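> Count the first sequence with this note's numbering and you get residues 5 to 571, in order.
The beta carbon of each residue, even a glycine, is placed where N, CA and C say it ideally should be.
Since the structure is predicted, the reported quantities are computational estimates derived from the model, not experimental observations.
My questions all concern the structure below.
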Amino acid sequence: MKNKELAWIFARLGDALEIKGESGFKIIAYRKAARILEDLTEDIEAVAQEDRLKEIPGIGSGIANKIDEYLQTGQIKKYREVVSRIPEELLDLLEIQNLGAKTIHVAHQELGVKTLDDLKKVIEDGSLAKLYGLGEKKVENIKKGIEIYEQAQERIPIFEALNIVEEVIAHLKKAPQIGRLSPAGSLRRMKETVGDIDILATGKNGSRVIKHFIQFPGVNRVLAAGETKGSVMISTERGERQVDLRIVDEPAYGAALQYFTGSKAHNIKLRAMARSKGLKISEYGVFKGQKKIAGFDEKEVYKVLGLPLIPPELREDRGEIELALKSLLPQVVDYSDIKGDLHVHSLHSDGHMSIEDLAGLARAMKYEYIAICDHSQSVKYAHGLSPERLLKQIKEIQELNQRYKSFRILKGIEVDILQDGQLDFPDKILKELDIVVAAVHKGFKKKVTERILKAMENPLVTAIAHPSGRLISRRDGYEVDLEKVLQGAKNKGKALELNAFYDRLDLNEFYLRKAKEMEIKICIGTDTHYPAGLQMMRLGVGIARRGWLERKDILNCRGYKELIRNK
DNA sequence: GCCGTTTTCGGCCCGACTGTTTTCAGTCG
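Next comes the structure, spelled out in structure tokens:
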């Protein structure tokens, strides 16, 4: 797929034009095209071949021609023309806070700045501050921006962000002046990683709430503490994390929550829509002329635009507004729809809980079932089960199940897909099980696609676990053609896993949505080895919602009987 | 460069903050 390459080119083109000082709207158009290509689930080459490029909203004849040009010749003339005149490193400087395209442009023109080092020099020798429109304070801010840029904070995994926000919110609830309170930003939209942590609240006395906020025990540094905004750095074992709190007036809470939840693209489309109806949306409310007609809660804001409340996880301008207008929005899955966890490990392999304890935890979570899927024999490092040990485990499960009236432990396995695509156990063993999840754990570069396709030919396989193999913070994943895996799953009627382990989240939201479009079933499993890990199901549900999944798309939204019947 | 239930031309999201160019440009979210 060339989608990402093209997205990158258009984003760079936008940056380059901005530094050149070209018209703002052209830049916006290129950046929008970049985002659309980044989000697109279809292969852009297929779209181009069928001459449908211009059907994609945001892509007109100019960009469509450039996409065609790239697909045919491997380059875009316009891009080469524009970018060749600008030093590559100059584009990267746009990421520095408090330093924008205009300043980069004059620094380049007037002082010959080409690199970060050049920039530092003109700051030190005072020549930058002497430029028209700049001054000492501005340069001081740019200097701070460079510092932050150089110790570039990596993004925060959603799991960690959720834990932090939970603690901070618990702390904020103790402030006597606090009113309504919610996470906002990409955290509320459940993006798999977030840049910082945003919280929105109302309160009778803003500055007192902020004062309480900055007394949170984990606070390391206070960046700002005014009447409406507080910003702190919290120290965690992985470094400092930024948490922002905004206080708004009670009547504007809904509008502010809508605004601060984003995404930016979603909000821009919403505002354009409002404008065409003669309305104006801001973080203070929806206005008709001077008159405020909505803003107390989010539902109201959407309602005056003729829309149902769009779930935060869908707010990415990926077609949700258009569908909402036609009342065709998917009824995305809710955490309460989940009837069980379909992938957990016990003491029998490398987990840290007995099967009995796992069952107890699952019952406390109001699940109807839990599937024990320990590793198979060839995964030595995880103490994988031999056939004999598996049979023993099956017996233990059968005995335990006699205790429960309305709860079931499912006999399962996470069976390895070996180097030749064979499974780690013969069929006569797999036949004894309720659920068979097949997974690659070795040979990440060795014919992974073929091996997975072969594994799916076995009728006893229920699903493929963590199909891409990526670890968000550590590795990209297998050399695997997921398009082919999806097609294979469709052909063979196999489910694919949404592994909810915080560092996997695999399949990701884009492939989930594609799987849904192909009517492939998804099973969500936490893959946990520890008690607390069962809670990662909430992450799984969040990502499932971002993939537009509904109850009917997810195997573990089925009750026990239906699940087993359709296995 | 994109787009059309006002439009094939003339618009394109909104507001806050900051610093500097004392009236607004640049940057951010």
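Determine, using beta-carbon pairs with one atom in the stretch 191–206 and one in the stretch 259–270, whether at least three such pairs fall under 8 Å.
Three or more beta-carbon pairs separated by less than 8 Å link the stretch 191–206 to the stretch 259–270, which places the two stretches in contact.
> Give a yes or no on whether the C-beta atoms belonging to residue 109 and residue 354 are separated by under 8 Å.
No, Cβ-Cβ distance for residue 109 and residue 354 is not below 8 Å.
> Taking only three categories from DSSP, how would you classify residue 270?
Reduced to three states, the DSSP call for residue 270 is helix.
> Helix, strand or coil for residue 224 per DSSP?
strand
> Once DSSP output is grouped into helix, strand and coil, what is the label at residue 382?
coil
> Consult DSSP for residue 184 and reduce its assignment to one of helix, strand or coil.
The answer is strand: DSSP assigns residue 184 an E or B state.
> Taking the alpha carbon of residue 47 as the reference point, which residue from 71, 28, 27 and 31 has its own alpha carbon closest?
71
> Quick one: residues in its chain with C-beta nearer than 7 Å to the C-beta of residue 117, no 5 flanking neighbours on either side, listed in chain order?
111, 123 and 126
> Here's a check: name, in chain order, each residue in its chain whose Cβ is nearer than 6 Å to the Cβ of residue 295, leaving out the five neighbours to either side.
Counting only Cβ-Cβ distances below 6 Å, and skipping sequence neighbours, we find nothing.
> Taking 8 Å as the threshold (C-beta atoms), are residue 468 and residue 498 in contact?
yes
> Spatial neighbours of residue 327 within its chain, please: CB distance less than 7 Å, with the 5 preceding and 5 following residues excluded, ordered by chain position.
333
> Roughly how many whole angstroms lie between the Cα atoms of residue 548 and residue 78?
35 Å
> Within a Cβ cutoff of 6 Å, which residues of the same chain sit near residue 401, ignoring the five residues on either side of it in sequence?
Here residue 401 has 413 and 415 as same chain residues with Cβ atoms under 6 Å from its own Cβ, once five neighbours each way along the sequence are excluded.
> If we call anything under 8 Å between Cβ atoms a contact, is residue 443 one with residue 470?
yes
> List in chain order: all unbroken alpha helix (DSSP H) runs of 4+ residues lying wholly within the stretch 305–354.
324–329
> Kindly list the residues whose CB is nearer than 6 Å to the CB of residue 225, restricted to its own chain and excluding five residues on each side of it in sequence; keep chain order.
237
> Do residue 297 and residue 3 have their beta-carbon atoms positioned less than 8 Å apart in this structure?
For residue 3 there is no data in the structure shown, the boundaries of the chain being 5 and 571.
> Less than 7 Å between C-beta atoms, sequence neighbours within five positions excluded: which residues of the same chain meet that for residue 213?
179, 181, 182, 205, 207 and 251
> Below 8 Å, can you find three or more Cβ-Cβ pairs linking the stretch 541–559 to the stretch 158–172?
yes
> Of all the options 26, 523, 63 and 215, which has the alpha carbon lying nearest to the alpha carbon of residue 38?
Of 26, 523, 63 and 215, the residue nearest in Cα terms is 63.
> Taking the alpha carbon of residue 526 as the point to measure from, which residue in 538, 513, 535 and 537 has its own alpha carbon closest?
513
> Which ranges does the alpha helix (DSSP H) cover as unbroken runs of at least 4 residues, wholly within the stretch 10–62, from first to last along the chain?
Uninterrupted alpha helix (DSSP H) stretches at least 4 residues long and entirely within the stretch 10–62 occur at 28–43 and 48–53, given in chain order.
> Report the CB separation of residue 397 from residue 389 in whole angstroms; it is logged as a contact under 8 Å.
7 Å
> In or out: residue 1 buried (at least 16 other Cβ within 10 Å) or exposed?
Residue 1 cannot be examined here, being either before or after the span of the chain that is shown, 5 to 571.
> Under the three-state reduction of DSSP, which class applies to residue 479: helix, strand or coil?
strand
> Please work out which residues of its chain come closer than 7 Å, Cβ to Cβ, to residue 288, disregarding the five sequence neighbours upstream and downstream, and give them in chain order.
256, 259 and 299
> In the DSSP assignment, the beta strand (DSSP E) including residue 250 goes from what residue to what residue?
243–252
> From this set, 253, 247, 309 and 290, which residue's C-alpha is nearest residue 277's C-alpha?
309
> Any heavy atom of the ligand SAH closer than 7 Å to the beta-carbon of residue 221?
Inclusion of the ligand SAH in the displayed structure is not the case, the ligand content being empty and no account of it being possible.
> Rounded to the nearest angstrom, what separates residue 137 and residue 32 at their Cα positions?
25 Å
> Is it buried or exposed for residue 560, if we count other Cβ within 10 angstroms and need 16 for buried?
Buried: at least 16 other Cβ atoms inside 10 Å.
> By the DSSP assignment, the beta strand (DSSP E) with residue 418 in it spans what residues?
Under the DSSP assignment, residue 418 falls in the beta strand (DSSP E) whose first and last residues are 412–420.
> In three-state DSSP terms, what is residue 546?
helix
> Express the C-alpha separation of residue 369 and residue 17 in angstroms, rounding to a whole number.
50 Å
> So, is residue 121 buried or exposed, given that buried needs 16 or more other C-beta atoms within 10 angstroms?
If you draw a 10 Å sphere on the C-beta of residue 121, you find fewer than 16 other C-beta atoms in it, and that means exposed.
> Please list, in chain order, all residues of the same chain as residue 96 whose beta carbon is under 8 Å from its beta carbon, the five residues on each side excluded.
120
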